[in-house]
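Chemist:
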Amino acid sequence: MISDLKPISCDICVIGTGLAGMAATLFAANRGLSVAQVGHAGEIVFASGLLDLLGVHPVIEKRLWSDPWAAIDKLAQDKPHHPYARLKKDDIKAAFDEILSFLDEAGLTYHRRMDHNSGALTSLGTIKRTYAVPHTMWKGVRALEEKPACLIIDIRGLKGFSARQIVASLQNGWSDLRSAQISFPGTEHLSEVYTEHMANTLLLPHNREKLAQVVRPLVKESKIVGLPAILGLYRTHEVVTHLEELIGVPVFEIPTIPPSVPGLRLKEAFERGLRLKGVQYFSLKRVLQVRHKTEGPFEIDIGRDRVQHKVHAGGVVLASGRFIGGGLHADRKRIRETIFDLPVYQPDSRAEWHRRDFLDPQGHLINQAGLEIDELFRPLDNSGRPAFQMLFAAGSILAHNDWKRMKCGAGVAIATAFGAVNSFVRLRP
Ligand SMILES: Cc1cc2nc3c(=O)[nH]c(=O)nc-3n(C[C@H](O)[C@H](O)[C@H](O)COP(=O)(O)OP(=O)(O)OC[C@H]3O[C@@H](n4cnc5c(N)ncnc54)[C@H](O)[C@@H]3O)c2cc1C
7 MISDLKPISC
17 DICVIGTGLA
27 GMAATLFAAN
37 RGLSVAQVGH
47 AGEIVFASGL
57 LDLLGVHPVI
67 EKRLWSDPWA
77 AIDKLAQDKP
87 HHPYARLKKD
97 DIKAAFDEIL
107 SFLDEAGLTY
117 HRRMDHNSGA
127 LTSLGTIKRT
137 YAVPHTMWKG
147 VRALEEKPAC
157 LIIDIRGLKG
167 FSARQIVASL
177 QNGWSDLRSA
187 QISFPGTEHL
197 SEVYTEHMAN
207 TLLLPHNREK
217 LAQVVRPLVK
227 ESKIVGLPAI
237 LGLYRTHEVV
247 THLEELIGVP
257 VFEIPTIPPS
267 VPGLRLKEAF
277 ERGLRLKGVQ
287 YFSLKRVLQV
297 RHKTEGPFEI
307 DIGRDRVQHK
317 VHAGGVVLAS
327 GRFIGGGLHA
337 DRKRIRETIF
347 DLPVYQPDSR
357 AEWHRRDFLD
367 PQGHLINQAG
377 LEIDELFRPL
387 DNSGRPAFQM
397 LFAAGSILAH
407 NDWKRMKCGA
417 GVAIATAFGA
427 VNSFVRLRP
């Protein structure tokens with residue numbers, strides 16, 4: 007059957023709407039390219055909102071770094087195949103600057119110390135080493151360092167967040183730390199409450215007043231209050247400032263387990279900002295097939311079960327993620343790349359994917375699997391040459407990148423998207 011869908015032409019198509027895809031789309035749009043972007047939500051909606059650069063290396067020693075740039079130098083020396091080793095440090099810095107200034111304009115301000123990682127509190131009461139921190143969590147970073155009298159509050163019915171546990175984990179070095187539990191106003195009768203619902207509710211000023219009425223009597227001598235990350239689905243500056251006025255002390259957010267409001271904020275800020283930049287956004291759709299002859303554009307079929315759109319693109323950035331995102335698929339014998347069937351770096355047999363002990367300090371080899379790339383971020387074919395002249399890859403789909411253990415998830419996504427798009431611009435006829 008001959009399709010009557012008229013193809014949409016663009017300079018570049020970004021496959022993926024996780025952090026790597028969003029970053030690649032932003033970089034491409036900022037360089038004046040016409041961009042089509044396609045994908046489902048990806049891991050971004052699960053992410054804590056913290057943007058890690060590099061916190062741990064070598065993984066087996068669990069060595070923590072306070073200077074992420076020194077850590078990247080060491081990593082590039084020790085692991086020349088890690089994606090960071092393909093980039094200059096100035097490029098990684100420029101990539102972060104561009105992303106953070108875009109997010110700031112979108113109302114999602116991040117704070118960081120240029121040459122230092124910061125410690126952020128988690129819902130387990132552990133301290134996570136990270137780089138860029140949403141403004142809603144930044145006062146918590148300072149509180150962890152300065153240890154003022156602090157009240158941590160949890161919410162009845164909210165799963166995976168216990169103020170008592172946080173206090174129990176931290177109180178050895180922080181004597182003025184207390185916990186309390188509240189019912190979120192309007193949910194007193196519910197056995198389970200959800201972060202997105204509460205964050206949405208707090209967009210209305212009178213709901214903030216109701217919350218403040220519950221919190222204020224508990225504050226007592228505390229100089230600061232920590233809450234689960236629910237302070238507005240968006241307009242967080244307004245929500246936080248108003249709540250602080252009502253309660254009378256500064257407040258900060260602590261990340262929750264997924265689904266994560268800070269992750270949703272990131273997704274929403276990117277979607278809104280990228281649409282304003284003229285990006286053709288195919289939301290909640292998939293790339294079903296890509297055709298490419300030696301000459302001419304990539305011909306990309308997009309849809310759900312059937313082809314709904316056709317895109318012709320001069321280049322593609324593949325930012326389709328790993329197993330959760332759908333870029334990689336593990337079948338009985340091997341790990342496959344799902345769109346182009348590109349070779350995937352992986353252990354020789356399935357038996358080697360995981361080590362016997364789940365908490366093995368070396369990590370699991372499956373987390374190193376992914377695409378190998380050349381210095382221009384082009385995935386390689388079986389002969390070690392770029393599979394396509396104008397196909398680039400970015401994000402967690404790249405091999406040699408155990409981002410969870412190394413604490414480099416967002417950093418790799420952002421920096422490799424920068425590298426991939428700049429390579430496209432360089433090679434473009
Ligand atoms: C629970 C959790 C917590 C995290 N916390 C942090 C943190 O604190 N700090 C940090 O730095 N990082 C964190 N991360 C990691 C960070 O979110 C990831 O590193 C990053 O999102 C990887 O992004 P990605 O874009 O490469 O992949 P993904 O986010 O997985 O996105 C892949 C995208 O590709 C799309 N896709 C796949 N196949 C197709 C197809 N056929 N057609 C179209 N689209 C397709 C998917 O729909 C999706 O949009 C966390 C991740 C998780 C899951």
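Quick note on my numbering: the sequence shown kicks off at 7 and runs consecutively. C-beta atoms are modelled at their ideal positions from N, C-alpha and C, and glycine is treated no differently. All values derive from a computational prediction rather than experimental measurement.
Assuming residue 103 is part of the alpha helix (DSSP H), what are its boundary residues?
Modeler: Start and end: 95-111.
Chemist: Evaluate the contact criterion for the stretch 286-301 versus the stretch 76-90: three or more CB pairs, one atom per stretch, below 8 Å.
Modeler: The stretch 286-301, when compared against the stretch 76-90, does not touch it at the 8 Å Cβ threshold.
Chemist: Below 7 Å, is the gap between the Cβ of residue 136 and the nearest heavy atom of ligand 1?
Modeler: Residue 136 Cβ: within cutoff of ligand 1.
Chemist: For ligand 1, is there a heavy atom less than 7 Å away from the beta-carbon of residue 416?
Modeler: Yes, ligand 1 has a heavy atom inside 7 Å of this Cβ.
Chemist: Rounded to whole angstroms, what's the CA-CA distance from residue 7 to residue 313? Just pull it up for me.
Modeler: In this predicted model, residue 7 has a pLDDT of only 47, less than 50, meaning its place in the structure is not dependable; the value taken from the coordinates is given anyway. If I take the Cα positions, the gap works out to 12 Å.
Chemist: Within the same chain, show all residues whose beta-carbon is closer than 8 Å to that of residue 167, passing over the 5 residues directly before and after it, in chain order.
Modeler: 129, 160, 161, 234, 260, 262 and 263.
Chemist: Return the chain-ordered list of same chain residues with a C-beta closer than 7 Å to the C-beta of residue 66, the five sequence neighbours on each side being excluded.
Modeler: If we look at residue 66 and ignore the five residues flanking it on each side, its Cβ neighbours are 367 and 368.
Chemist: In the DSSP assignment, find the unbroken alpha helix (DSSP H) run with residue 403 in it and report its ends.
Modeler: From DSSP, residue 403 is part of no alpha helix (DSSP H); its letter is neither H nor E.
Chemist: So, is residue 20 buried or exposed, given that buried needs 16 or more other C-beta atoms within 10 angstroms?
Modeler: When all chains shown are included, residue 20 counts as buried.
Chemist: Please state whether the Cβ-Cβ distance between residue 239 and residue 278 is less than 8 Å.
Modeler: Against a cut-off of 8 Å, the Cβ pair of residue 278 and residue 239 comes out as no contact.
Chemist: For a test of the three-state rule: what should DSSP assign to residue 194, helix, strand or coil?
Modeler: Residue state, collapsed to three classes: coil.
Chemist: With respect to 7 Å, is the separation between the Cβ of residue 292 and the closest non-hydrogen atom of ligand 1 below this value?
Modeler: Indeed, a heavy atom of ligand 1 lies less than 7 Å from the Cβ.
Chemist: Does the stretch 118-137 come into contact with the stretch 41-48, if we say contact requires no fewer than three beta-carbon pairs (one atom in each stretch) closer than 8 Å?
Modeler: Touching, no, given that fewer than three Cβ pairs across the two stretches are closer than 8 Å.
Chemist: Just to check, is the beta-carbon of residue 45 closer than 7 Å to a non-hydrogen atom of ligand 1?
Modeler: Answer for residue 45: yes, Cβ within range of ligand 1.
Chemist: Among 244, 241, 187 and 200, which one has its Cα closest to the Cα of residue 223?
Modeler: Comparing Cα positions, the closest option is 187.
Chemist: Which same chain residues end up closer than 6 Å to residue 421 when comparing Cβ atoms and leaving out the 5 residues on each side of it in sequence?
Modeler: Correct list, in chain order: 93, 98 and 101.
Chemist: Between which two residues does the alpha helix (DSSP H) harbouring residue 32 extend?
Modeler: Residues 25-36.
Chemist: Go to residue 234, then tell me how far its beta strand (DSSP E) extends in each direction, as first and last residue.
Modeler: Run containing residue 234: 230-234, per the beta strand (DSSP E) assignment.
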